[in-house]
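Peer 1:
Protein chains in written order, with my numbering: chain A, 9 to 210; chain B, -11 to 284.
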């Protein structure tokens, strides 16, 4: 109820009311952007752009779930950026092997692991492995998996975000999970022990 | 490990939905029955659940900074005004009215344009098409003669064609029939007679298409290719030249007078006002939509 009042005030130009909505959703928006873009800096820019766009277009909000409406703006901004990157690809700065003159293999999920306490280390490994597998998913599958399994959206909210029918959401989510599971299998032994334990109840 | 050959993709989707608690009670009961009977299905569910738990272990990243908007950010951008619910309705109405106007104009004026173009087509076709005349007119008029071959008009090979017979170069078949008898021509016969009423198989009057022969073409035709029709007594041999009796070009090319249009083909009087009304409605609706959109 309070959210509806804030939205109404924001529609009439109350910036403070809108900023309270920003505070409520900025972490979710940033995390969705990070998972879709796999780049913190890009995700930060996209999140800011998405909030500005949301404020400008608040008049177009027709009720329903504000969270879904806002996340739709975020995912669309991510898709726009991904398309822009595809149109203008950049050269990866991979180290080159001097003997073979070929790029040295340096998987993104293995890189950038700074020395840290054990838990942080495990979390970093898990994070890199999952992000690596998420990046291999098709865009539509990825958004649905991120929204349901990482952000806890229900099916109807996801349907509003990606503008697809419920049946499509169910199907893509299941297929996305299967693909993710197959990808994660190759990293299974690298994951922290608590994730490798088999369920003895079966 | 999951056995894909045993578990269908539909079952995997059902398992995924079951995992999220989104199955109906009937579906849930049915699936749980299958789970109790199938170890592969239980294994697949277990792997899906484990994978989902792994994903849920990922911690949310804290926002790197505050994304709240500042007044200077807001003032530098032009905020989109709330759009009235009537704007899409008016926009759609405007487009619909414009389409109706175009449709009305097309329906009203395109046929007129086609009818206006019809006489021009007739003029263009005049050199090769003559207006039909009746058999009585033909019998009264002097009948031109085609003759070719030798210089002797009475010699074999000189063919006097029926006064109302038309023969065509390289054919003349197809059931064309002259009023004075059947006209069947073939090979190099040259049309010389005034046009007869030519009827097709359906008895509908047609036209005679006159095609001048290529130089020497008619001469080469043999007399056996042409069937004589009509009364020979009505014919006069004008000359025994290669192609005689042909009307001069000016006579042949005289166009037929276009008939006045029947009243039924006139453009309905209401179409033009209707088009104007639709056009005005399109403009008014579009202006209303624009004004509503700009209204703060």
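Even for Gly, the Cβ is constructed at its ideal location relative to N, Cα and C.
1) Cβ of residue 55(B) within 8 angstroms of Cβ of residue 56(A)?
2) Along chain B, in chain order, which residues have C-beta atoms closer than 9 angstroms to that of residue 30(A)?
3) How many whole angstroms separate the CB atoms of residue 85(B) and residue 277(B), which I take to be in contact at a CB cut-off of 8 angstroms?
4) Using a C-beta cutoff of 8 angstroms, does residue 51(B) count as contacting chain A?
5) Name the chain A residues that come within less than 7 angstroms of residue 285(B), Cβ to Cβ?
6) Establish whether the CB of residue 133(A) and some CB of chain B are separated by less than 8 angstroms.
7) What residue does the alpha helix (DSSP H) around residue 164(A) start on, and which one ends it?
8) Nearest-angstrom Cα distance between residue 258(B) and residue 272(B)?
9) Looking at chain A, is there any beta carbon in it that lies within less than 8 angstroms of the beta carbon of residue 18(B)?
10) Classify residue 26(B) as helix, strand or coil using the three-state DSSP reduction.
11) Please report the distance separating the alpha-carbon of residue 75(A) from that of residue 261(B).
12) Have a look at residue 192(A) and residue 85(A) and give me their C-alpha separation to the nearest angstrom.
13) Report all residues from its chain with a CB closer than 7 angstroms to the CB of residue 72(B); omit the five preceding and five following residues, and keep chain order.
14) Mind checking which residues open and close the alpha helix (DSSP H) that includes residue 75(A)?
15) What residues in its chain sit with their C-beta under 7 angstroms from that of residue 144(A), if we drop five residues either side in the sequence?
16) Counting pairs of Cβ atoms below 8 angstroms between the segment 44 to 59 of chain B and the segment 15 to 35 of chain A, do you hit three or more?
17) Run the CB neighbour count on residue 136(A), radius 10 Å, all protein chains shown included, and call it buried at 16 or more, exposed below.
18) Check whether the segment 174 to 182 of chain A and the segment 47 to 63 of chain A touch, using three or more Cβ-Cβ pairs below 8 angstroms as the test.
19) Does residue 286(B) come within less than 8 angstroms of chain A when only Cβ atoms are used?
20) Only counting the same chain, and skipping five residues up and downstream in sequence, which positions put a Cβ closer than 7 angstroms to that of residue 62(A)?
21) Using a beta-carbon distance below 8 angstroms, is residue 281(B) in contact with chain A?
22) Below 7 angstroms CB to CB, which residues in the same chain sit around residue 200(B) once its five sequence neighbours on both sides are set aside?
23) Please identify, using Cβ separations under 8 angstroms, the residues of the segment 48 to 66 of chain A that lie next to chain B, in order along the chain.
24) Go ahead and pull the three-state DSSP assignment for residue 150(A).
25) Can residue 148(A) and residue 180(A) be called in contact, C-beta distance under 8 angstroms?
26) Quick one: which chain B residues come within Cβ less than 8 angstroms of residue 192(A)?
27) Going along the chain, which residues of its own chain have a beta-carbon closer than 8 angstroms to the beta-carbon of residue 42(A), five neighbours each way excluded?
28) Is it right to say residue 275(B) is buried, meaning 16 or more other beta carbons lie within 10 angstroms of its own, or is it exposed?
29) Examine chain B for any beta-carbon lying closer than 8 angstroms to the beta-carbon of residue 73(A), and answer yes or no.
30) Kindly indicate which residue of 267(B), 282(B), 93(B) has the alpha-carbon position closest to the one of residue 256(B).
31) Quick check on the burial criterion: 16 or more other C-beta atoms within 10 angstroms. Buried or exposed for residue 21(A)?
32) For residue 197(A), is the classification buried or exposed, using 16 other Cβ atoms within 10 angstroms of its Cβ as the cut-off for buried?
33) Is the CB-CB distance between residue 131(A) and residue 47(B) below 8 angstroms?
34) For residue 87(A), would you say it is in contact with chain B, using Cβ-to-Cβ distances shorter than 8 angstroms as the test?
35) Could you check what DSSP says for residue 160(A) in three-state terms: helix, strand or coil?
Peer 2: Per the coordinate set shown:
1) The Cβ atoms of residue 55(B) and residue 56(A) lie closer than 8 angstroms to each other.
2) 54, 55, 56, 57
3) At roughly 12 angstroms, the Cβ-Cβ gap does not stay under 8 angstroms, so residue 85(B) and residue 277(B) are not in contact.
4) True, the Cβ-Cβ gap to chain A drops below 8 angstroms.
5) Since the first and last residues shown for chain B are -11 and 284, residue 285(B) lies out of range.
6) For residue 133(A), the answer is no, since every Cβ of chain B falls outside 8 angstroms of its Cβ.
7) 163 to 170
8) Taken atom to atom, the span from the alpha-carbon of residue 258(B) to that of residue 272(B) is near 21 angstroms.
9) no
10) Collapsing the DSSP output to three states places residue 26(B) in coil.
11) A direct Cα-Cα distance of roughly 52 angstroms separates residue 75(A) from residue 261(B).
12) Going from the Cα of residue 192(A) to the Cα of residue 85(A) covers about 28 angstroms.
13) Closer than 7 angstroms at the Cβ level, and outside the excluded window around residue 72(B), lie 280.
14) 74 to 95
15) 191
16) yes
17) In summary, residue 136(A) is buried, with 16 or more beta-carbon neighbours lying within 10 Å of its beta-carbon over all protein chains present.
18) no
19) The question about residue 286(B) has no answer here: the residues shown for chain B are numbered -11 through 284.
20) 78, 81
21) no
22) Because the pLDDT of residue 200(B) is 48, which lies under 50, any placement of that residue in the model is unreliable, and the question is left without a value.
23) 48, 52, 55, 56, 59, 60, 63, 64, 65, 66
24) helix
25) yes
26) Neighbourhood of residue 192(A) in chain B, by CB distance below 8 angstroms: 39, 42, in chain order.
27) For residue 42(A), where only same-chain residues beyond five positions count, the Cβ hits under 8 angstroms are 48, 51.
28) exposed
29) no
30) Minimum Cα distance to residue 256(B) is reached at 93(B).
31) exposed
32) exposed
33) yes
34) no
35) coil
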